[in-house]
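Here the structure is laid out as structure tokens; the discussion comes afterwards.
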Amino acid sequence: MIRLGVPSKGRLMGQTFDWFSKRGINLVRSESDREYAGHIEGIENVQLIFLSASEIPRELSAGRLHFGVTGYDVIQEKLVRFNQLVEPISELGFGFADLIIAVPSFWVDVETLDDLDAVSAQFRDKHGYRLRIATKYHRLLREFLMEAGVADYQIVDSQGATEGAVKNDLAEAIADITSTGNTLKANHLKILSDGLILKSQATLFKSLTAEFSKEENQVANLLVKKLSAKD
Amino acid sequence: MTVLKDISREARNLAAVFEATGAEVVELDFLQISNVLLDLYGEDIRGRAFITNDPVHGEMMLRPDFTIPIVERHMANNVSPARYTYSGKVFRRQEEFPDRPREFLQVGYEIFDGANPEKADAEVFSLVNEALSGIQVRIATGDIGILMAAVRSLSTTDTRKKALLRHIWRPHRFRTLLNQYSGLSSKPQPNQDLDDYNKLLDKFQAVGSRKVQEIKERLRQIKLESETDPLDPEEVKILDELLSLKDKCTVAHRHLENLSKKMPGIESTVDNFATRLDFLKKNGIKIDRLDFEGSYGRTSMEYYDGFVFGFYSETHMDLAAVATGGRYDALTERMESGKKIPAVGAVLRPDLTLLLREKNHD
Numbered sequence: 000m001i002r003l004g005v006p007s008k009g010r011l012m013g014q015t016f017d018w019f020s021k022r023g024i025n026l027v028r029s030e031s032d033r034e035y036a037g038h039i040e041g042i043e044n045v046q047l048i049f050l051s052a053s054e055i056p057r058e059l060s061a062g063r064l065h066f067g068v069t070g071y072d073v074i075q076e077k078l079v080r081f082n083q084l085v086e087p088i089s090e091l092g093f094g095f096a097d098l099i100i101a102v103p104s105f106w107v108d109v110e111t112l113d114d115l116d117a118v119s120a121q122f123r124d125k126h127g128y129r130l131r132i133a134t135k136y137h138r139l140l141r142e143f144l145m146e147a148g149v150a151d152y153q154i155v156d157s158q159g160a161t162e163g164a165v166k167n168d169l170a171e172a173i174a175d176i177t178s179t180g181n182t183l184k185a186n187h188l189k190i191l192s193d194g195l196i197l198k199s200q201a202t203l204f205k206s207l208t209a210e211f212s213k214e215e216n217q218v219a220n221l222l223v224k225k226l227s228a229k230d
Numbered sequence: 000m001t002v003l004k005d006i007s008r009e010a011r012n013l014a015a016v017f018e019a020t021g022a023e024v025v026e027l028d029f030l031q032i033s034n035v036l037l038d039l040y041g042e043d044i045r046g047r048a049f050i051t052n053d054p055v056h057g058e059m060m061l062r063p064d065f066t067i068p069i070v071e072r073h074m075a076n077n078v079s080p081a082r083y084t085y086s087g088k089v090f091r092r093q094e095e096f097p098d099r100p101r102e103f104l105q106v107g108y109e110i111f112d113g114a115n116p117e118k119a120d121a122e123v124f125s126l127v128n129e130a131l132s133g134i135q136v137r138i139a140t141g142d143i144g145i146l147m148a149a150v151r152s153l154s155t156t157d158t159r160k161k162a163l164l165r166h167i168w169r170p171h172r173f174r175t176l177l178n179q180y181s182g183l184s185s186k187p188q189p190n191q192d193l194d195d196y197n198k199l200l201d202k203f204q205a206v207g208s209r210k211v212q213e214i215k216e217r218l219r220q221i222k223l224e225s226e227t228d229p230l231d232p233e234e235v236k237i238l239d240e241l242l243s244l245k246d247k248c249t250v251a252h253r254h255l256e257n258l259s260k261k262m263p264g265i266e267s268t269v270d271n272f273a274t275r276l277d278f279l280k281k282n283g284i285k286i287d288r289l290d291f292e293g294s295y296g297r298t299s300m301e302y303y304d305g306f307v308f309g310f311y312s313e314t315h316m317d318l319a320a321v322a323t324g325g326r327y328d329a330l331t332e333r334m335e336s337g338k339k340i341p342a343v344g345a346v347l348r349p350d351l352t353l354l355l356r357e358k359n360h361d
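Note that the protein sequences, when read in sequence, are chains A and B. Take 0 as the starting number for the first sequence in numbering that gives the first Met the number 0 and just add one per residue. Take 0 as the starting number for the second sequence in numbering that gives the first Met the number 0 and just add one per residue.
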């Protein structure tokens, strides 16, 4: 039985269903939509597993899912050496999200990471603690700033409503995904010109750790063939 | 096959070399308060240390190394001079190298003594060398103190020197700044005059803890910087020669002496270098065969600010350093402001030394 993980909620789930059906694969959710399970019309031996998009990376890397749909951003944040654990099969063309660093718009002296680094030094001197950046993408942000040589900052965990963290004085800057930038503007923030950490979209991944029996392999190949075809 | 019992025995053998000096044998805490480590290493330490929680102290870390616990121990003792030796496990997250161990033994030796720093440097180095006898090693040495003195003696603004010193352990960012200050690459430019910036400031709501005043202050700094002359190309050349210097210690010393004639600000640190070589020679180290690298210790050894060294396997290039050490005079000052206690020390990896001894016999 091939186990395919799909996002369990909202627009991401709807768009995933549409994307599969455009390629001749109809995902069907169990009759009671309170039950997080389903199957594929016309293809035997595929089980749909509905999961939060943020849990799909873990299940793929543990080999409990053969395939899964989730964002590139969460894959990279949650999986160390992700390219040894999962293989991207197809980009789905929705769920676009850029992980960026944003600072208050009124910081007219700050445009780039160079500036952010200089301001971090100034801030620590003045305030006695390190400049706070709110995010839920700890690892990606840390690696990005290490690469850029930015020092004297600290990461503050923020699992939601991150754009409001500055206004609410929980942080001086944020790193978050943004699709349009309107929410940033409404929260008096602007993006650093070289502050793009990662471009992401919903992607179908195949697990490189899951075991495939002979039958499962046949079904998997059929799926990959149908799904990796270009529009 | 290397077994735990053998590694422990190897650790005891290494420690014996240090205990023979009469050093106090200390046991140190496994759990460390995160904030102390974070203040010293910055956010990067979270990628290297295991983190846990205590209901009272908040976030704590399993010691990723012995530096902070030993310095805290010494400051609590408050008896100088002092020599310590210790042996115990450290814990490291391995994101970049998943095959490397997450916990391993370290044996260390530290001297807190300001009376004769170069003699203490040589003592630590020579003891490590003695403990590693029988293993084929490649030794790297450097001196961050000379580098820092060179930056301090540039004929330019204190703001620039401070910025360069802050990034001495981040070579890439250091180079970016150096190029900017030399006029070789673009730097933050005030593209409007200060009045226009002030008008721009008024257009946005002030949010967060950074105050308008701080922004105005930095704008003034940027303006000042844009009006400051580029660094003297001759001085940058000397700095570059220093950074790329790679030779045997005795030859390197002659180069350094020549450089210090052109840049008198580094003279006293070059004298210290010579004094250290004399002590090393007295201890039987062949300094004409010992390598020196001007840039050594800049990427992996933040907080070391003087003599630095590393011992690596000559036969197993992929292994982590078998031993590393150096001088960290400013660290105590940073941890407890104002109290500067000169210190030098080293740590060894008994798991690796044992591995290499066994390979020797194969």
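C-beta atoms are modelled at their ideal positions from N, C-alpha and C, and glycine is treated no differently. Small disclaimer: the values here were computed from a predicted structure and weren't measured.
- Apart from sequence neighbours up to five positions away, the residues of its chain that approach B:Gly-293 with a beta-carbon distance below 6 Å are Leu-241, Leu-242 and Leu-244, ordered along the chain.
- In the three-state reduction of the DSSP assignment, B:Asn-197 falls in the helix class.
- Secondary structure note for A:Pro-103: its beta strand (DSSP E) is the uninterrupted segment 96-103.
- Cβ contact annotation for B:Leu-164 (same chain, cutoff 8 Å, sequence separation greater than five): Met-147, Val-150 and Arg-151, in chain order.
- By the neighbour-count definition (other C-beta atoms within 10 Å, threshold 16), B:Glu-226 is an exposed residue.
- The three-state secondary structure of B:Arg-45, taken from DSSP, is helix.
- Sorting B:Cys-248, B:Glu-256, B:Leu-176 and B:Glu-224 by C-alpha distance to the C-alpha of B:Ile-237 places B:Glu-256 at the top.
- Judged by pairs of C-beta atoms under 8 Å, the region 191-204 of chain B does not touch the region 173-184 of chain A, as fewer than three such pairs exist.
- Counting C-beta pairs closer than 8 Å gives fewer than three between the region 151-162 of chain B and the region 313-332 of chain B, which falls short of the contact rule.
- Between the C-alpha atoms of B:Tyr-311 and B:Leu-347 there is a straight-line separation of about 11 Å.
- Take B:Ala-251, set aside five residues on each side of it, and the residues of its chain with a beta-carbon closer than 7 Å to its own are Leu-244 and Phe-291, in chain order.
- A:Ala-172 counts as buried, since at least 16 other C-beta atoms from the protein chains shown sit within 10 angstroms of its C-beta.
- Judged by their CB atoms, A:Phe-95 and A:Gln-14 are not nearer to each other than the 7 Å cut-off.
- The closest CA to that of B:Ala-121, considering only B:Gly-305, B:Val-55, B:Thr-314 and B:Met-60, is found on B:Gly-305.
- In chain order, Ala-148 place their CB closer than 8 Å to the CB of B:Ser-267, counting only its own chain and leaving out the 5 sequence neighbours on each side.
- Residues of chain A whose Cβ lies closer than 8 Å to the Cβ of B:His-171 are, in chain order, Gly-148.
- Comparing alpha-carbon positions, the option among A:Ile-176, A:Met-145, A:Ile-190 and A:Gly-159 lying closest to B:Trp-168 turns out to be A:Met-145.
- Under the criterion of beta carbons closer than 8 Å, B:Leu-30 and B:Leu-61 qualify as touching, at roughly 7 Å.
- Going by C-alpha positions, B:Val-321 is about 58 Å away from A:Ser-20.
- Within chain A, the residues Arg-141 and Met-145 have their CB atoms less than 7 Å from the CB of B:Asp-43, given in chain order.
- Runs of the alpha helix (DSSP H) lying entirely within the region 258-325 of chain B, each at least 4 residues long, are 266-281 in chain order.
- Out of A:Glu-54, A:Tyr-152, A:Phe-143 and A:Phe-122, the CA that lies nearest to the CA of A:Asp-193 is found in A:Phe-143.
- Put simply, the backbone Cα of A:Lys-125 is about 15 Å away from that of B:Asp-38.
- In the three-state DSSP reduction, B:Ala-148 falls in the helix class (H, G or I).
- For B:Phe-90, the three-state secondary structure derived from DSSP is strand.
- For A:Ile-154, the number of other beta carbons within 10 angstroms of its own is at least 16, and it is reported as buried.
- Rounded to the nearest angstrom, the gap between the Cα atoms of B:Phe-173 and A:Tyr-152 is 17 Å.
- Taking a cut-off of 8 Å for Cβ pairs, the region 118-134 of chain A and the region 157-175 of chain A touch, as three or more such pairs fall below it.
- Neighbours of B:Ser-208 in chain A, taken as residues whose beta carbon is under 7 Å from its own, are His-126, Asp-168 and Glu-171 in chain order.
- A:Ala-101 and A:Lys-166 have their alpha carbons spaced roughly 13 Å apart.
- At a cut-off of 7 Å between beta carbons, B:Ala-75 makes no contact with chain A.
- Inter-residue distance for B:Pro-97 and A:Tyr-128 is about 33 Å (C-alpha atoms, whole angstroms).
- Within the DSSP bridge table, the entry for A:Gly-37 names A:Arg-28 and A:Leu-47 as partners.
- In the DSSP annotation of this structure, the continuous segment of the beta strand (DSSP E) that includes B:Phe-111 starts and ends at 102-111.
- For the set B:Lys-215, B:Val-206, B:Gly-207 and B:Gly-182, the Cα lying nearest the Cα of B:Asp-194 is the one of B:Lys-215.
- Residues of the same chain with a CB within less than 6 Å of the CB of A:Ser-29, apart from the 5 flanking positions on each side, are Ala-36 and Gly-37 in chain order.
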